[in-house]
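Chains as they are written, first to last, in the numbering used here: chain A, 1 to 393; chain B, 394 to 786; chain C, 787 to 1179; chain D, 1180 to 1572.
Below: one structure, written as structure tokens.
4 protein chains.
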Amino acid sequence: MTKISVKEPVITLTAGPVQAYPRITRAMSRPVHYDFDVYFQAFYEEVARKAATALRVEAPALILHAEPAVGLEAAAASLISPDDVVLNLASGVYGKGFGYWAARYAKEVVEIEVPYNDDIKPEQVADMLRRRPDVAIVTAVHHDTPSGTLNPVEEIGRLVRDHGALFLVDAVSSFAGMDIHPDDCCADIFVTGPGKCLGGAPGLTLVTVSERAWAHMEGNSACPSASILSLTDWKNAWSKEAAFPFTPAIAEVNGLDAALDAYLDEGPETVWARHDLTARACRAGVQALGLTLWPVREEIAAPTTTAIRVPEGLTDEEIVAAMRDSFGTIISYGRAETKGKLLRIGHMGPVAEPVYALVAVTTLGGTLKRLGRKVDVGAAVDAATAVILAAGT
Amino acid sequence: MTKISVKEPVITLTAGPVQAYPRITRAMSRPVHYDFDVYFQAFYEEVARKAATALRVEAPALILHAEPAVGLEAAAASLISPDDVVLNLASGVYGKGFGYWAARYAKEVVEIEVPYNDDIKPEQVADMLRRRPDVAIVTAVHHDTPSGTLNPVEEIGRLVRDHGALFLVDAVSSFAGMDIHPDDCCADIFVTGPGKCLGGAPGLTLVTVSERAWAHMEGNSACPSASILSLTDWKNAWSKEAAFPFTPAIAEVNGLDAALDAYLDEGPETVWARHDLTARACRAGVQALGLTLWPVREEIAAPTTTAIRVPEGLTDEEIVAAMRDSFGTIISYGRAETKGKLLRIGHMGPVAEPVYALVAVTTLGGTLKRLGRKVDVGAAVDAATAVILAAGT
Amino acid sequence: MTKISVKEPVITLTAGPVQAYPRITRAMSRPVHYDFDVYFQAFYEEVARKAATALRVEAPALILHAEPAVGLEAAAASLISPDDVVLNLASGVYGKGFGYWAARYAKEVVEIEVPYNDDIKPEQVADMLRRRPDVAIVTAVHHDTPSGTLNPVEEIGRLVRDHGALFLVDAVSSFAGMDIHPDDCCADIFVTGPGKCLGGAPGLTLVTVSERAWAHMEGNSACPSASILSLTDWKNAWSKEAAFPFTPAIAEVNGLDAALDAYLDEGPETVWARHDLTARACRAGVQALGLTLWPVREEIAAPTTTAIRVPEGLTDEEIVAAMRDSFGTIISYGRAETKGKLLRIGHMGPVAEPVYALVAVTTLGGTLKRLGRKVDVGAAVDAATAVILAAGT
Amino acid sequence: MTKISVKEPVITLTAGPVQAYPRITRAMSRPVHYDFDVYFQAFYEEVARKAATALRVEAPALILHAEPAVGLEAAAASLISPDDVVLNLASGVYGKGFGYWAARYAKEVVEIEVPYNDDIKPEQVADMLRRRPDVAIVTAVHHDTPSGTLNPVEEIGRLVRDHGALFLVDAVSSFAGMDIHPDDCCADIFVTGPGKCLGGAPGLTLVTVSERAWAHMEGNSACPSASILSLTDWKNAWSKEAAFPFTPAIAEVNGLDAALDAYLDEGPETVWARHDLTARACRAGVQALGLTLWPVREEIAAPTTTAIRVPEGLTDEEIVAAMRDSFGTIISYGRAETKGKLLRIGHMGPVAEPVYALVAVTTLGGTLKRLGRKVDVGAAVDAATAVILAAGT
């Protein structure tokens, strides 16, 4: 093991990659099997089916062998044809970024953009769809992680379905941390992965694809093949009858298997509830510290990430460095447009436990003290604790 | 853990994915660290530098976060500009396949193709370069795995360098199993990965890029960015100063670290020697079984894979199935053009040990017996053993 | 990880410790839980019950937290009172050794001893019990590992039961490798462990105790308490109601859990069958090599260990060293009285697979060649293969 | 993996078994090697020498293959002869308990006993040694874990050395968490283990033995042999020349190797400092919660365990259950005499990090609130934080 002079963090409270469940990291040490062997083929099919169970869809889930940013690029490349007008919904860095990919493949991209601490309103979408009946594909991010905000994809999805367009949803950092599934939001393509709320490692993408979306890709003359950017290459890869287009990431599939087991064994509702409780306790605590939530309204704050404004007069870098130095806890910066403006406390997977709200509040509070701020950490702990105790058991 | 009705193989003797060293699978169970944390950044730099040490180059190696087939596609996409004439050398399925990627990006692809059991001759390359002085990029596969054959990339590399072209070498399944490094073959882009002779899991690509190749990519107006197909996005990712373009596959990097340690700790020369000895013992054994090597001349047989013709009157499928059923050993089929024509015994990583030549010979021999063939397994074992014992210690 | 200049063995074919199943070593990396926590207490009870299922007894199995040699010492210390006449059956080093422990605690030890390549005959026991009606406890080793021989404990057990004595059986290296359970041999104390045929690590003892044996211990005024040598201290430790007398070996219990799962998931009959087949193939092979089995009759050869005489003119040490050096395979020496006289090839756990009979035969054969012997390895492989293929599937 | 209806704890803050470092649990999944193989023998010697380095002694450390309670019983059995008068120092449950073992083997045991929240005073020992010049062996516990209190073994050790007696020290739960080594306290037998402050699993004992102590055991006609209770059986087991008396717990030795690496790589002084800081922060916090430390004076409170009185009107059981239920954190009960009277927060190994003092204080505080107590958690967090921040970095 490479010795690094920097000490490892003690507790990781980031918005992904996240601390993985030990049962998942153990699973990643399983033997590496040959992808053409009947054992692995049967195993792979089971994992694809188990993922479908977790995603609450019928068909085996599509597993792509790179992290979800790649899966999203591939979804854009495969789905969006040179004939398509795409409506891209941007309420944050990831939504905005998807628009660039869409523009690479689409005939035209129209966009609804809101401030990166706000959400897209269904009526904005309805209005745009009225004005642009030629929109064939709508793309949205459910939880724009760099903002810690949710978009109402369920309502938007119904509008898109009524319009007759296809709906592509990035649920990378919300699925498995709350009650969201492809059918809940009429998603034709729904993208997520094992490395956020499932508490696994990054390195794979999970995708569900509706029959309409497959048909659209088949009609897309520019849809890649023999390429990492192709979804269609992998359409039947779950089946023993089909060869893998290229070598699957065996160890990541082993980890995914365990991640799905962990989620289904514990019970999705139980998992969502502790994500929600942890986030509520954390939000109560950080606000009692005198900090301001980044989301413009608390109801759009994701249960999987608490984003807070960097206090006036301090920088994100100094807060993160001091927190790590004094307490060994680490949290996430913002990203791109939100970098420097906010800090993010992740509530995903194994740290989606109320005690970690207390860890976040006390160590962030202690850090602010160290940096010379007068903060009432006691009030913050009391607020977070009150939320936890009110939840009963 | 998903229970699969198919029994796991007992011994995997495939040409990749391969049985991983236990120390590598253990490493894949290390904690998943946050990619923006100072610990992981320092760790990542160390791994990139350690990879450079193994590859015997100066600059930290480029790590791409998907398996080498993706890395090769990305290399084609990034390096080959619409102005480039590419000479593609095809002595097997992988060489041929690279030509299709090259054609996607190049002005023109010229090709030298030889039968898939033979190698490219340096004089063929010299001749072509004389005829086509406009060739700007030459691409070759060192070990065309689906054929188990080597190409003389050292000699070819010198010709290419003299010509002033760039040389892209796929050494995915030869590097770390024999004495081949970027500088040995004047490679401007040299692609390999942890999942073959390094004995790790598939899921990453290792690339070295010469200054000339970086300059060529910078001059390539079609070079992808914000894309899994971009090499330039990741150019400086090893440095703490640069952000990762997307989330690295943390667990795979942990595994790579251990794979490089295993290789460097044991000593490259020692590792190559046991790959070579195992392959020589295996070739002696299978020939004494009455089987025919696939390579047209034994000197082009790779030390990392022994490819043999499927005996007349039998199919690859029935041999593989019977071998697995009676002995629990599994070997590789051919692929695409070579599927059905040959079988491959891998000598990579932990099974590049002479005893596994005996395992291959005895279980393949026993399988042929089961399928009604008269084979002299005793002679085969004697032949393999003689090679092993002659190696002394 | 400590770097050792000696290379690790490539394949371990010993009579214990054995190569563990990967799923068991993975389980040993589970989190270490606090023994007084309700989770661990519930888990421990489940493991004790699962062990009972495997052992085919009703009561949760007794788990002792040290390897079976310690468990056997503790059984002697706890069961044998100063009033007891013990009949010890010695057909090997372990049987003989148990007599010394018995003598430490008993009023008198009488012994039946046979040559260490032979077995105890039921009629010998019957005769002795007639002559010594005061025998209260009979002790036997089912598989005397240093000899690779079995004793007919089923028949002996019935005689002991009829006599009214207690029967203590050491089944450490036979249980889980063949069809033997406490009730099969009327055992009042039956001792085994996870580190042999269950394919786990050494470090725990599994014991079943009959009601009669518990009663005898309760009447034994010299029965230890507050001691590692006490069985009674641990009698109720499986129950949440009872405290652990001292800290259990948490990681070993995690491993035991996985070992039992592996055994029960695969199916005991299937596991026994592959131990048997491997041993039969191995015995056929080594005899065809011209070697002599150590057991005086093949029917008493254990299906879990093949013991062979060291050929005239060679030493065990030179054979083991040369075999390791040329092939990386390791096998077991004899022990105490049998050291220097025999070598042992283990068929336990993951290497109880027919292919490993071929590994043993070819590498032992090759080693004998290296040491100057004329051996017909081909005939040996043919003999072993014939056994394997005859087993069909 | 056995599914247990009880949820696993989220954070374990117990006084042993403790949460192990991931690198140690990973090491426990290393291959199980054969104990008679040259690789394992060389490895074992290295581990014994590495343990000596950590213990700051010359001779390879003695490794016993069961947890330290067994190691202590064995030390008593081996060292104490029927001719020995033993002075046992009892300031807690473990010290008292050792006296019972001593009484099993000694001619006579004299004892100094103090209340279980106090420490033994050197002058008490001096006085007793004056009165009983025939005392040949003095036995003490450094950190009596069930009380969370330290005894001044350095001063006592000098008195014992001057007296000419042998000194046996139980440092199981202090070594590696603070600056204590055999030579610091003139210990002739010094007992510890990997499962407390080294942050590993329980299951082994580490012992150092002085030449004088070995000589005493050699003169002890009652010293066990061929027994788990024998230290002399294992005296030379570290050496390749000597056979292991019984099978070592291979996986535990693998874990010990990693535990020692973790300790030595980080640097003992650094490890002790974070144990100390965590304990000081925790003590400040729990006192600010209005709780009373169990130790009669804070300066005898161990840096590895904070023991607090169970508040009037509450029971230990209800506190532990409510804390686990609301927050997922678990702490230790008292034991035997101290059970019901105190609760213990462990600061050992990976949780000897200041942030866990905050976890302990906030979750214990929240629990008291849940149970109807008025506690000022804010003041407690402030007190703990002040200690942490004062430590600077």
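Ideal Cβ placement from N, Cα and C applies to all residues, glycine included.
Cutoff 8 Å: residue i Cβ touching any chain A Cβ
i: D/Arg1549; result: yes
i: B/Ala441; result: no
i: D/Gly1545; result: yes
i: D/Val1538; result: yes
Coarse secondary structure for residue i, derived from DSSP in three states
i: C/His929; result: strand
i: A/Arg309; result: strand
i: D/Ala1231; result: helix
i: C/Asn1040; result: helix
i: B/Gly727; result: coil
i: A/Ile11; result: strand
i: C/Phe1030; result: coil
i: C/His1106; result: Residue identity differs from the one stated: residue 1106 of chain C is Val in this sequence, not His. The answer is helix: DSSP assigns C/Val1106 an H, G or I state.
i: A/Val209; result: strand
i: D/Gly1575; result: Because chain D in this structure spans residues 1180 to 1572, residue 1575 of chain D falls outside the shown range and cannot be described.
i: C/Glu1004; result: helix
Contact with chain D by residue i, beta-carbon distance below 8 Å
i: B/Ser422; result: yes
i: A/Glu353; result: yes
i: C/Gly934; result: no
i: C/Tyr1142; result: no
i: A/Val10; result: yes
i: A/Leu394; result: For chain A, the structure presents residues 1 to 393; residue 394 of chain A sits outside this window and is missing.
i: A/Thr278; result: no
Closer than 9 Å at the beta carbon, the chain G residues around residue i
i: D/Pro1201; result: The structure shown contains no chain G; its protein chains are A, B, C and D.
Interface partners of residue i on chain C, CB under 9 Å
i: A/Arg104; result: By Cβ distance, chain C contributes nothing, its closest Cβ being about 43 Å from A/Arg104, past 9 Å.
Residue-level contact to chain C via CB, residue i, 8 Å cutoff
i: D/Ala1405; result: yes
i: A/Arg26; result: yes
i: D/Phe1215; result: yes
Chain B within 8 Å of residue i, Cβ atoms only
i: A/Phe175; result: no
i: C/Ser1112; result: yes
i: A/Asp265; result: no
i: A/Val93; result: no
Partners in chain B for residue i, counting only beta-carbon separations shorter than 9 Å
i: C/Asp930; result: Near C/Asp930 there are no residues of chain B at all, since even the closest Cβ is about 28 Å away, more than 9 Å.
Neighbour list for residue i in chain A, Cβ cutoff strictly below 7 Å
i: B/Val565; result: Simply none; closest approach about 10 Å.
Nearest-angstrom beta carbon gap, residue j and residue i [assumed within contact, 8 Å]
i: D/Leu1268; j: D/Val1304; result: 7 Å
i: B/Glu460; j: B/Gly586; result: 6 Å
i: D/Ala1350; j: D/Val1370; result: 7 Å
i: A/Trp101; j: A/Glu123; result: That pair is no contact at about 26 Å.
Where residue i meets chain B, residues with beta-carbon distance less than 7 Å
i: C/Gly1120; result: The premise fails here: C/Gly1120 is roughly 23 Å from chain B at the closest Cβ pair, so nothing lies under 7 Å.
Closer than 8 Å at the beta carbon, the chain B residues around residue i
i: C/Asp1168; result: Val770, Gly771
Amino acids of chain A, ordered along the chain, whose beta-carbon sits closer than 9 Å to that of residue i
i: D/Thr1483; result: Within 9 Å Cβ-Cβ: nothing; D/Thr1483 doesn't reach chain A, min ~17 Å.
Contact between the region 1522-1540 of chain D and the region 321-341 of chain A is defined here as three or more beta-carbon pairs at a separation below 8 Å; is this criterion met? Verdict: yes, contact present.
With three or more C-beta pairs closer than 8 Å as the rule, is the region 856-875 of chain C touching the region 1381-1389 of chain D? no
If contact is defined by three or more beta carbon pairs under 8 Å, each pair taking one atom from either stretch, is the region 1081-1099 of chain C in contact with the region 728-741 of chain B? no
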